[in-house]
Structure formats: C-alpha cells, structure tokens
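Enquirer: Following this message is one structure expressed as structure tokens.
Structural data, given as structure tokens:
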C-alpha cells in the first residue's frame with residue numbers, strides 16, 4: 063500500500079466500529095486525560111456527539127489522505143473549534159485527543175500493529191495541525 067494513501071486506516075476504523083462501545087471507550091479515555099476536557103463536555107449531548115465523532119474520524123482520514131471532498135466540512139469543524147468558535151479547543155489539547163483515539167484503536171482493532179499505529183498517528187497529526195492553524 064502506498065504511504066500516500068490511508069485506505070488501511072479506513073479498514074482499521076471499520077474494524078473498530080464493529081465494537082459498539084468504541085466511541086464510548088474513546089470518550090472515557092479522552093475525558094479522563096485532562097480536567098479541562100471534562101469541563102468542556104459538561105453540557106454535551108453525547109448521543110449527538112458520538113455521531114459527530116463517528117463521521118468526523120472518517121472525514122479526518124479522508125482529509126489526511128488529501129481528499130478535496132472533505133475540505134469544506136473539515137474547515138467548518140476547525141472553525142467551530144477555533145479560538146472564536148462555539149467550542150474552542152486550545153492547541154495543547156489536541157495531542158490528548160490523538161493519544162486517546164490511538165489507545166482506543168490499539169485496544170479495539172485486532173490487526174493494529176506498530177506500523178498501522180504509526181500511520182494512524184501520522185494521519186491524525188496532519189488533521190490536528192490543520193485545527194491548530196485555524197485556532
């Protein structure tokens with residue numbers, strides 16, 4: 063597989079989603095990673111948030127892959143999380159998001175080896191770098 067594509071991540075994500083509790087397990091890790099994060103989610107409707115994250119991860123993989131089809135929705139998501147957005151996320155919290163996601167993938171995807179996990183990190187860091195630039 064070409065290093066320039068992330069089809070393997072979409073496959074990995076599909077395996078993760080076979081476990082119904084994947085998104086909930088991610089949020090357990092993420093919310094526990096920093097008290098500021100838990101506070102940011104105090105009034106969150108998690109039914110909506112779980113669906114948003116489920117779609118958002120797929121879009122993030124496509125964005126990292128260079129797909130123009132997700133440019134607009136990813137830009138909108140970055141604007142929401144920018145300093146002046148309705149749900150601002152300070153740049154120093156993005157590594158915690160990546161780590162929580164990768165830890166959850168590693169615990170869920172039976173095919174998650176070191177190579178795949180490096181590719182996940184590479185892709186998600188491309189995405190979070192874009193969010194940080196928008197901040």
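In the working numbering, the protein residues as written are 63 to 197.
Every residue gets a Cβ at the ideal spot worked out from N, C-alpha and C, and that includes glycine.
Model, not experiment: these values are computed from the prediction.
Which value, in whole angstroms, describes the spacing of the CA atoms of residue 182 and residue 172?
Expert: By one-based count along the chain shown, residue 182 stands at place 120. By one-based count along the chain shown, residue 172 stands at place 110. For residue 182 and residue 172, the distance between alpha carbons rounds to 15 Å.
Enquirer: Any contact between the segment 88-98 and the segment 147-167? By contact I mean 3 or more CB pairs, one from each, below 8 Å.
Expert: yes
Enquirer: Could you spell out where the alpha helix (DSSP H) holding residue 155 opens and where it closes?
Expert: Here the question's residue 155 lines up with position 93 in the chain shown. It is not in any alpha helix (DSSP H) - residue 155 carries neither H nor E in the DSSP assignment.
Enquirer: Rounded to whole angstroms, what's the CA-CA distance from residue 156 to residue 149? Just pull it up for me.
Expert: Residue mapping note: residue 156 aligns to position 94 of the chain shown, counting from 1. Residue mapping note: residue 149 aligns to position 87 of the chain shown, counting from 1. So the two alpha carbons sit approximately 13 Å from each other.
Enquirer: Taking the C-alpha atoms as reference points, what is the distance between residue 193 and residue 128?
Expert: Along the chain shown, one-based indexing puts residue 193 at 131. Along the chain shown, one-based indexing puts residue 128 at 66. Distance between the alpha carbons of residue 193 and residue 128 is about 15 Å.
Enquirer: Around the C-beta of residue 177, are 16 or more other C-beta atoms found within 10 angstroms, so that it is buried, or is it exposed?
Expert: Position 115 of the chain shown, counting from 1, holds the residue named residue 177. So residue 177 counts as exposed.
Enquirer: Is it buried or exposed for residue 108, if we count other Cβ within 10 angstroms and need 16 for buried?
Expert: As a first step, residue 108 must be located in the chain shown, where it is residue number 46. So residue 108 ends up on the exposed side.
Enquirer: Buried or exposed: residue 136, going by 16 or more other Cβ atoms within 10 Å of its Cβ?
Expert: On the chain shown, position 74 is the one that residue 136 refers to. By the Cβ neighbour-count rule, residue 136 is buried, with 16 or more other Cβ atoms within 10 Å of its own.
Enquirer: Does the beta-carbon of residue 103 have 16 or more other beta-carbons within 10 angstroms, so that it is buried, or is it exposed?
Expert: As a first step, residue 103 is located in the chain shown; it is residue number 41 there, counting from the start. Residue 103 should be labelled exposed.
Enquirer: What three-state label does DSSP hand residue 146 in the structure shown?
Expert: Numbered from its first residue, the chain shown carries residue 146 at position 84. Of the three classes helix, strand and coil, the one that applies to residue 146 here is coil, per DSSP.
Enquirer: Look at residue 153 and residue 98 and say whether their C-beta atoms are less than 9 Å apart.
Expert: Translated into positions along the chain shown, residue 153 becomes position 91. Translated into positions along the chain shown, residue 98 becomes position 36. No, these two residues do not count as a Cβ contact at 9 Å.
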